[in-house]
Amino acid sequence: KGRGELHPMREVLEYPYSKIGEKYFPVVPVVISFGNKEFPLEALIDAGATISIFKAEIAELLDIDLEKCRRIVLRGIGGTITAYVQRVILKIGGKEIDTEVTFSKELDVKINLLGREGLFDNFEVCYNDKEKKVKLAGY
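The sequence shown begins at -14 in our numbering and counts up one residue at a time.
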């Protein structure tokens, strides 16, 4: 195998970038579940984020009580936000990922963010900005 090639036997998911404002971004469909509730949504793959960050409204839809979750402060290029940690199941393609994510009332972007934890250890992620698509190859 040459460098950068995806293994042919793995499930490879390919998604076109989504236009947000005037630019295109690697956004993928995800189903987030907790207990017996699940919710389909879209999330931007953010290779610069360690942990995934979802809007607080998603926690409400899943009946997650944020006051009972561990509170942390996330620091990024835009400053700091308060977030609440909860273990959930993320379904991407045919794969279910049991991982910790965060929810925040202070998320000031229009879309949820998929961080490295849970995603990059389950998928090889290949961005193609020229063709505006992202490929996820399951491990």
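Virtual Cβ for every residue (Gly too), placed ideally from N, Cα, C.
Three-state secondary structure assigned by DSSP to residue i
i: residue 40; result: strand
i: residue 45; result: helix
i: residue 118; result: strand
i: residue 98; result: strand
i: residue 104; result: coil
i: residue -14; result: In this predicted model, residue -14 has a pLDDT of only 43, less than 50, meaning its place in the structure is not dependable; the value taken from the coordinates is given anyway. Coil.
i: residue 52; result: helix
i: residue 33; result: coil
One or two residues paired with residue i in a DSSP bridge
i: residue 64; result: 61
i: residue 83; result: 74
i: residue 92; result: None; residue 92 has no bridge partner.
i: residue 10; result: 3
i: residue 22; result: 19
i: residue 27; result: 14
i: residue 109; result: 122
Separation of residue j from residue i, as counted between CA atoms
i: residue -13; j: residue 79; result: Here the model assigns residue -13 a pLDDT of 46, short of 50, so the residue's position is not dependable, and the following value carries that caveat. Whole-angstrom Cα-Cα distance: 27 Å.
i: residue 105; j: residue 119; result: 13 Å
i: residue 35; j: residue 12; result: 17 Å
i: residue 43; j: residue 24; result: 8 Å
i: residue 108; j: residue 122; result: 5 Å
i: residue 41; j: residue 75; result: 16 Å
i: residue 69; j: residue 87; result: 5 Å
i: residue 46; j: residue 124; result: 30 Å
i: residue 84; j: residue 73; result: 6 Å
i: residue 7; j: residue 31; result: 18 Å
i: residue 17; j: residue 38; result: 12 Å
Cβ of residue i within 8 Å of any chain B Cβ
i: residue 76; result: Given the protein chain composition of this structure (a single chain), no chain B is represented.
Q | Any 3 or more C-beta pairs closer than 8 Å across the stretch 108 to 119 and the stretch -1 to 11 | A | yes
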